[in-house]
Every structure is written in C-alpha cells, then in structure tokens.
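Residue numbers (the working numbering), protein chains in the order written: chain A, 41 to 220; chain B, 41 to 220; chain C, 41 to 220; chain D, 41 to 220; chain E, 41 to 220.
A virtual CB, placed ideally from N, CA and C, is assigned to each residue, including glycine.
None of these values were measured; they are calculated from a predicted model.
What follows is one structure encoded as structure tokens, with my remarks underneath.
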Amino acid sequence: MANKKKQIVLGIADTTFSRVDMFKFVQDEVKNFEKKFFSIGMSVANSNSMKKSGLPVRIVRYTVPGIKDLPVACKILLDKRKCGIAIALGMVGGAEIDERCAHEANIGIQFAQLMSNKHIIGVFVHWNEAKNEADFYSICENRTRKHTQNALLLASGQSLSKFAGMGKRQGREDEGRISK
Amino acid sequence: MANKKKQIVLGIADTTFSRVDMFKFVQDEVKNFEKKFFSIGMSVANSNSMKKSGLPVRIVRYTVPGIKDLPVACKILLDKRKCGIAIALGMVGGAEIDERCAHEANIGIQFAQLMSNKHIIGVFVHWNEAKNEADFYSICENRTRKHTQNALLLASGQSLSKFAGMGKRQGREDEGRISK
Amino acid sequence: MANKKKQIVLGIADTTFSRVDMFKFVQDEVKNFEKKFFSIGMSVANSNSMKKSGLPVRIVRYTVPGIKDLPVACKILLDKRKCGIAIALGMVGGAEIDERCAHEANIGIQFAQLMSNKHIIGVFVHWNEAKNEADFYSICENRTRKHTQNALLLASGQSLSKFAGMGKRQGREDEGRISK
Amino acid sequence: MANKKKQIVLGIADTTFSRVDMFKFVQDEVKNFEKKFFSIGMSVANSNSMKKSGLPVRIVRYTVPGIKDLPVACKILLDKRKCGIAIALGMVGGAEIDERCAHEANIGIQFAQLMSNKHIIGVFVHWNEAKNEADFYSICENRTRKHTQNALLLASGQSLSKFAGMGKRQGREDEGRISK
Amino acid sequence: MANKKKQIVLGIADTTFSRVDMFKFVQDEVKNFEKKFFSIGMSVANSNSMKKSGLPVRIVRYTVPGIKDLPVACKILLDKRKCGIAIALGMVGGAEIDERCAHEANIGIQFAQLMSNKHIIGVFVHWNEAKNEADFYSICENRTRKHTQNALLLASGQSLSKFAGMGKRQGREDEGRISK
Chain A
41 MANKKKQIVL
51 GIADTTFSRV
61 DMFKFVQDEV
71 KNFEKKFFSI
81 GMSVANSNSM
91 KKSGLPVRIV
101 RYTVPGIKDL
111 PVACKILLDK
121 RKCGIAIALG
131 MVGGAEIDER
141 CAHEANIGIQ
151 FAQLMSNKHI
161 IGVFVHWNEA
171 KNEADFYSIC
181 ENRTRKHTQN
191 ALLLASGQSL
201 SKFAGMGKRQ
211 GREDEGRISK
Chain B
41 MANKKKQIVL
51 GIADTTFSRV
61 DMFKFVQDEV
71 KNFEKKFFSI
81 GMSVANSNSM
91 KKSGLPVRIV
101 RYTVPGIKDL
111 PVACKILLDK
121 RKCGIAIALG
131 MVGGAEIDER
141 CAHEANIGIQ
151 FAQLMSNKHI
161 IGVFVHWNEA
171 KNEADFYSIC
181 ENRTRKHTQN
191 ALLLASGQSL
201 SKFAGMGKRQ
211 GREDEGRISK
Chain C
41 MANKKKQIVL
51 GIADTTFSRV
61 DMFKFVQDEV
71 KNFEKKFFSI
81 GMSVANSNSM
91 KKSGLPVRIV
101 RYTVPGIKDL
111 PVACKILLDK
121 RKCGIAIALG
131 MVGGAEIDER
141 CAHEANIGIQ
151 FAQLMSNKHI
161 IGVFVHWNEA
171 KNEADFYSIC
181 ENRTRKHTQN
191 ALLLASGQSL
201 SKFAGMGKRQ
211 GREDEGRISK
Chain D
41 MANKKKQIVL
51 GIADTTFSRV
61 DMFKFVQDEV
71 KNFEKKFFSI
81 GMSVANSNSM
91 KKSGLPVRIV
101 RYTVPGIKDL
111 PVACKILLDK
121 RKCGIAIALG
131 MVGGAEIDER
141 CAHEANIGIQ
151 FAQLMSNKHI
161 IGVFVHWNEA
171 KNEADFYSIC
181 ENRTRKHTQN
191 ALLLASGQSL
201 SKFAGMGKRQ
211 GREDEGRISK
Chain E
41 MANKKKQIVL
51 GIADTTFSRV
61 DMFKFVQDEV
71 KNFEKKFFSI
81 GMSVANSNSM
91 KKSGLPVRIV
101 RYTVPGIKDL
111 PVACKILLDK
121 RKCGIAIALG
131 MVGGAEIDER
141 CAHEANIGIQ
151 FAQLMSNKHI
161 IGVFVHWNEA
171 KNEADFYSIC
181 ENRTRKHTQN
191 ALLLASGQSL
201 SKFAGMGKRQ
211 GREDEGRISK
C-alpha cells in the first residue's frame, strides 16, 4: 500500500525530438493513481497545481533536445530536484544511427541509475517497431501508461513481486506465464 | 565450510517481464542448501519466516519491470539492503532489440559489481536459446538452480577452486575438462 | 525568460579533424541570442571582447585533434573553466572505423555529463549522411545553429517543454507532431 | 631487476566454466620465475606453502563461475586481498552469446583496472580460435604462461620497454618487428 | 606560446604486441619541439638525459603487453607519475577479435581521461588500414609524429584553434577545409 506520509516526487524527462507528446499520458496515469489510491477527485492535470496543493504525487518535468540528453537530465532530476524516481520518455528514429544513439543513451541511463541508486524507467519507442504513425502513437501511449504505473508502484514502496514472471509487456499485449 | 556465525543475506532481483517464475527455484535451492549444510528440516519457503526465525540464509527479493531495471535493483540490494551477494533473474526476449537490452543490462551489472565490490550472479535466459516453451522453462530452472548454488557457495566463503577448469555449465549439461 | 543576473558560460569544444569550421555558427547564434533576449546591438563576434564587456554569454573555446578527444575537453570546460554547459562539435569520417570512434566518443560524452551533472550537447555530423561537400557544409551549419539555440535555452534556465513531442530535428527539417 | 624486499602478491581469478585448468600453468611459471630471479630450488607448487614460507611471490586464487564474474573477483583481489596485480583466466565459449559475454567482461576488466589503478592481465582463450581440443589446450597453456611472465615482470617493477614494438604474441608465435 | 616555466611531463605508454617501435618517433618529435620552441641544440634522444638536464619536456615511458593494458598504464602515468598528458601507442591486429580489443581499449581510454581530467592521445594503427608492412610502418610513423606534435601543443597550453575545421589527418594526408 502506498506510503501516505511521503509525497512521491516523479521526475519526467522528455524530448523535442519525439513526434508524440508522451508526457500527457504520464499526467493522466498520475491522476488515475491518485484517484485509485487516495480517492481524490480534484484535477491534477497541472504539475504546478499539484505542487501547491500538496497532492501525493509531484511531477517535475525536464525537456531536452534528444534521447542522448535524457540520462543527465534524469540524473539532475534525481540528484538536484529531489525526485525519488525518474522516467525517460524518448522516441528512437528509424535510421541505423538512431539505434546507436539509443544504445548510447541506454548505457548512460544504466550509469545514471547506479550513480544515484535510484530507478530511471526507460520508455523508448522505436520508429521501426511501428507499422505506421497511428501504430507508433498507440505504442507510445500504451508503453508510457504502463511504465508510469510501474514507476508509481516502485516509488510508493509497493512490491511488484505479485506480478513477477507473468510475462508483462509495455507497448503491446502481455505474453503471460509459462508453467511446467 | 560454511561460516555458521554469519547469516547469508541473498538479494534476488527478478522481473515482471519474464514468462517464468524463476524465484521459486531460488527458494527451493536455498532450502536444499540449508538442509545440506545445517541439517535443518523446517520449512524455509517463505523469506519473511526465514528472516524471523534467524535461519542461515535470508532472502531479500526485489521485483522490477524488465532486465534493464535489474542492475540498479541489485545495487540497491547490495548497498542499502545489506545483501552480501545478489542474483539477477531475467528473461531476454526473442527480438534483436531484446538482445541489445540484455547487453546494456549486462554492462550495468558489471558496473554495479565494481562499485559495490560484491558479486551479482547474472541468470539471464534468452528466448532464442530454447526450442519451445517447455525447453525455455527447463533452462530457466536448471540455470537458476545451479547459479543459486554458486551464489550460496561464494556467499558462505567456500572456495569454488575444486571445480575450476571443469567445464561447468548452467542451463545445460557440463562439458567437462580437457586434459593434455 | 533568460536570467539576466547570471552570465552564461558556454563551453565549445571543436576539432582540427573536422572539414568545416563549425565554431563560427556558434558565434553567430550567440550574437542572435543576445540581440533577441537582451536587445544589445553591439558586435559580439569575438569571445574575448564578450568576456571583457561582461555580455550575457561568454564563450570558452577548446580545440582538440579529433572526436575522441572531445569528451575530456568538455569535462575540463565544465569542471575547470566554469562552463555551465558545453557543446561538442565534431565531424565523423566516412569509414567504418570513424563510426566506431564516434560511438566511443558518445559513450565518453555520456559519462562526462553524468560525472559533472551538466549537459554536453553533441553536434556530430557524419560524412555518410551528406550527399556531397556542399550538403555536408549545410548540415553542419543547420545542426550547429539549432543546437546552439538549444544549449542557450537550457543554460539560461528556459524550459524546452513547449517544444516537447514536436518532432524537432537538427541538420534537417522538423518532422512534426503525430496526434491521435 | 626484481625488488627483493617486497613480496609480489599475485591475484589469480579463474572459472569453473573453463574446460582447461589454466591455474596450474600460472603456478609453474611462478616457480620458474622464483628459480630464475632468486635461485631458490625448493618446491613452490602450492600457494599455501609459498605464503607460509615467505617466498617472493604469493598467489591468491579466487574461482568464480564464469568470465562475467571475473572483473569484480579481480577487483576484490586488488582492493581487499592486497594483490599488486591480477590475472583473469577465462575460456570464451563458441556461441555468439559467449563472445558478447567476453566483450562485457572485458569492459568490466577495463573499469576494474581504472578504479584500482592496477593491472589486470586478461588471459581469455576463445573456443573459436582453436582447431580442436588439443589445440585449445595448447593455446591455454602458451597464453597463460607468457602472460604470467608479463604479470611478474610488471609486478616486480621491471621494465618491458626492451620488448616494445617486437610483435610479441601470447597463445601463438611472435610476429616480430617491422623495420623501415 | 609555450610556458617556459613549467616542464612538460609527457607520458608514453606502448606495447610489446606492436610490430613497430613507435616510441622512437615520439622521441624525435620531442627533440624537434625543443629545438623549434626553445632553440636548444643539444641531444635529447634519451629520456633519462632529458630528465637530468632539466629540459622543457620530460618523457615517462611505460611498456605493457597489449592495447587493453594501455588505459590503466596511461592512468597510472597521469595519476602517479605526474604526467600532464599521455599518448597511448598501439597496434591493432588484423583479426575481428583485435578490432573488438581496440574498441574495449578505447572505451577504457575514454574513462581514464574523464577520471583524471587529462588528455590521453590515442595513436592506434590498425593492420587492416595498411597495404603491406612498409605502408604499416609509414602510417605508424606519420600518425605518431603528428599526434606527438598535438600532445606537445596541448600540454604546453598552446591553442589548436587556429587549426580547427581544417580537415587535419594523422597517418595520411590532410583533407582540408570545406567552405561554403
């Protein structure tokens, strides 16, 4: 169960490179989380209002140009902006060079986490995994929503162990558990 | 021989992405280890009960979404949860992007170990190394069991040198030693 | 809005390897930035004159042989030369080995940022992405100008969030936002 | 010439995965080194006896499951077991995944060295570089022996500069120097 | 202009693996540098004599087995041997595994620089970039000479900015600047 005493400070880093505004899905899931766990009906669409009203989740947003700028942005959120967890929202372009950029960004995210001893949930959507623009949008929404839920559970101290080994997927359908 | 005076604190990080519950094999091997080395017949299936009863092995479990979240989870187990060793349990999906994720996670695990000066035994099972779901399950079980044994030996201060150069394998049959 | 009280110290690392003088585009964009945000009409073409005159942006330039020398050059600018942000200007040659060098430099830039908790905006132009010398020159100019603008916005504390998810590109035309 | 006043503490990390006992070649070369440089005829085949007798070289052995466990094992030897240098003995299997493991282990070995400011001499033998089991055994022996000699020279403060640019090889024949 | 008050301490790490003695080109360029900038006619061919005579450049040489041993050797030169800059001289063999070793060494060199905040100029010559042994020797000489000049300029505090964007190359002919 969520720790009611301590506000969750959720860092969100996103990019101007992405062709989808993934941040709005985060906001929506935070609103759902707050409704579900705290039965609060008031609007939490704006992070400034949340901060002022002392709601259980405070979002700190940091926008950077591209995915290679996300690791240090997340580390600044964790180290200097008091975030307990961060989400890195990024789109990976369709060229080979874009995939290499994603690899470099992912290495950076690994180190940023180890240096801060906090989680950075990577939500990268690759252009090449989508059939078309609509499909790309849909993967962005699904993956961002599910990983925002994961981040909020981790940040609120709730165990994910009841979902371990269940074949959970973000961006597509769950694959389910294989039993003997 | 195992150090009877000091409790082994074994960190286990696993994922919701995995399609097999690999944690249960860890629990079973810990039970076997305790029976063999301490002749204790009582049930140790539950980590909470172990903690309370002061058994020689205490398991601390930490479940995260996917394999890229495992390195920092293990580092938190080693740095903040008093674990002497950690095991990272993960499934690697069948797409090329999954193999790259595994590479990034493995780099992260390398650094997490070097920063904490403790072992993280990686138990990654790749979808592509299995013939079918049953084979995948079987590799998961075999590799998790054998590496749990390795982790318990290392954590209890027992030397693995008597097995050095023996062609030991986890997830499949041992290959054996080549002599001149 | 830009913080008028604090001078922006902008570190620029460039190379002798590059076939285009990318630094002059930085200088020009700094001049534009100063005109736009501070309505200063005087010439700021020379970084020395800027330093002396106490203008809002001070450029510290550091030239190194090639792209693999850029990460530590940027880190020295950030750690020892009081820069709040750095830009790494580099050309990537057309051979396979050049692409690997770029990968190694990019990994270095990731770590340099995480160690200093400051941004290094990478402006790498790959020979292979251009059709000919004129096109290469044009990409260099476009990418350097746009990323200098990004760096100045980040350094002056202005949020890029109004451009998030807009499909911004540097070196070519923006791709625009995908809406549901 | 070797420093006679200070005992060399040589850390050896090896694996249960390897199909050849590479450690015995280290022991033999240490014996040769001691004979050659100190004219000691007594048996030094056993590291425990060496430790007790105060011989010029003390071996500290640490066996781990596989090559990805070697970097932190070496770092522990260097940081906590007073070793001045370490040798990482490992076999790389014949599958593509094994080569990636070797790459990850090598990255880890790089960092372990930089964090401790001491050398870790990597002795990895790849299954794919051998024609058959006998050839594999032979490469293991040759490479381990020659690199043990290198490690002992480095650890004893003797310069390798007289061999610089000579085309030395470990595991196969030297290639020799190219002169103008 | 060179700082006449402070001696340049130039660290040179080279290997026994290389088939060319690249160090002698460094020595020759140091001699040229001293002649040109300080008008000193005496022989500086030997690093020991330079050290004793208090000449403006002191060379500290450190020979290791192969390129993967260079990063920590350079870091030791920078951290413990008072070098202000280091040059890593290495030959990369012609097999695929050699290219991977070079990649690992280059990653290590990146980190060594960032940890010490000093430059390590990498002078790696790949067997595969040469047509034959004579060509390999020639690339070794050209690249080592030019990068020694770069290192001496950087170490003496002289700006390379007058050469920025000039398409400078080491090991082959300069490519020159592209202007609009």
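Exercise. DSSP state of Met206 of chain B, grouped into three classes?
Worked result: coil
Exercise. Going by the CB atoms, is the gap between Val66 of chain A and Gly124 of chain A shorter than 8 Å?
Worked result: no
Exercise. What separation, rounded to the nearest whole angstrom, lies between the Cα atoms of Arg185 of chain E and Asp175 of chain E?
Worked result: 15 Å
Exercise. Taking a cut of 7 Å between CB atoms, which residues from the region 138 to 171 of chain D lie near chain B?
Worked result: Arg140, Glu144, Ile147, Gly148, Phe151, Ala152 and Met155
For this session: Determine the direct distance from the alpha carbon of Asn168 of chain D to that of Ile137 of chain D, and round the result to whole angstroms.
Result: 13 Å
Problem set entry | Nonlocal neighbours in the same chain, by C-beta distance under 8 Å from Gly148 of chain E, ignoring five residues either side | Lys108, Leu110, Pro111 and Val112
For this session: Report all residues from its chain with a CB closer than 6 Å to the CB of Gly134 of chain E; omit the five preceding and five following residues, and keep chain order.
Result: Trp167 and Asn168
Exercise. Taking only runs of the alpha helix (DSSP H) that begin and end inside the region 93 to 128 of chain A, which ones reach a length of at least 4 residues, in chain order?
Worked result: 110 to 120
For this session: Would you verify that the beta carbon of Glu3 of chain D is, or is not, closer than 8 Å to some beta carbon of chain B?
Result: As shown, chain D starts at 41 and ends at 220. That puts residue 3 of chain D outside it, with no answer to give.
For this session: Spell out the partners DSSP gives Val49 of chain C in its beta bridges.
Result: C:Arg98
Problem set entry | chain E within 8 Å of Arg9 of chain D, Cβ atoms only | Summary: the structure shown does not reach residue 9 of chain D, with chain D confined to residues 41 through 220, and so no result is reported for it.
Exercise. In chain A, which residues lie with their C-beta within 7 Å of the C-beta of Met206 of chain C?
Worked result: Thr56
Exercise. By the criterion of Cβ-Cβ separation under 8 Å, what are the contact partners of Lys108 of chain C in chain E?
Worked result: Asn146, Ile149, Gln150 and Gly162
For this session: Report the residue from A:Lys120, A:Leu154 and A:Ile99 whose alpha carbon sits nearest the alpha carbon of Ile127 of chain A.
Result: A:Ile99
Problem set entry | Cβ of Asn182 of chain A within 8 Å of any chain B Cβ | no
For this session: Determine the contact status of Ile52 of chain A and Arg101 of chain A, defining contact as a CB-CB distance below 8 Å.
Result: yes
Exercise. What are the residues that DSSP puts in a beta bridge with Phe164 of chain E?
Worked result: E:Gly130
Exercise. Is the CB of Glu173 of chain C under 8 Å away from at least one CB in chain E?
Worked result: yes
Exercise. DSSP state of His159 of chain E, grouped into three classes?
Worked result: coil
Exercise. Which residues mark the beginning and the end of the alpha helix (DSSP H) in which Lys220 of chain A is found?
Worked result: Neither: Lys220 of chain A is in no alpha helix (DSSP H) and is coded neither H nor E.
Exercise. Using 8 Å as the limit for Cβ to Cβ distance, is Lys115 of chain A near chain B?
Worked result: no
For this session: Could you work out which residues of chain A lie near Asn190 of chain C, taking near to mean beta carbons separated by less than 7 Å?
Result: Pro105
Problem set entry | Buried versus exposed, by CB contacts within 10 Å (16 or more), Asn172 of chain D | exposed
Exercise. Within 10 angstroms of its Cβ, does Glu144 of chain C collect 16 or more other Cβ (buried), or is it exposed?
Worked result: buried
Exercise. So is Gln47 of chain E in contact with chain C if we call contact Cβ pairs under 8 Å?
Worked result: no
Problem set entry | Own chain, CB closer than 6 Å to Thr103 of chain C, minus 5 neighbours either side, in chain order | Asp54
For this session: Name, please, each residue of chain B whose Cβ falls closer than 7 Å to the Cβ of Lys220 of chain A.
Result: Tyr177
Problem set entry | Nonlocal neighbours in the same chain, by C-beta distance under 8 Å from Gly207 of chain E, ignoring five residues either side | Asp214, Glu215, Gly216, Arg217 and Ile218
Exercise. If you draw a straight line from the alpha carbon of Ser58 of chain E to that of Cys180 of chain E, how long is it in whole angstroms?
Worked result: 10 Å
For this session: Please classify Thr188 of chain B: does DSSP put it in a helix, a strand, or coil?
Result: helix
Problem set entry | Counterpart residues of Asp54 of chain E in DSSP-defined beta bridges | E:Thr103
Problem set entry | Cα-Cα separation between Lys75 of chain E and Ser156 of chain B, rounded to whole angstroms | 50 Å
For this session: Determine the contact status of Ala152 of chain E and Lys115 of chain E, defining contact as a CB-CB distance below 8 Å.
Result: yes
Exercise. Going by the CB atoms, is the gap between Phe63 of chain D and Ala204 of chain B shorter than 8 Å?
Worked result: yes
For this session: Taking Ser201 of chain A as the query, report the chain B residues whose CB atoms sit under 7 Å from its CB, ordered along the chain.
Result: Arg101 and Thr103
Problem set entry | Pick from D:Glu69, D:Val60 and D:Asp61 that is closest to Leu192 of chain D, judged by C-alpha positions | D:Glu69
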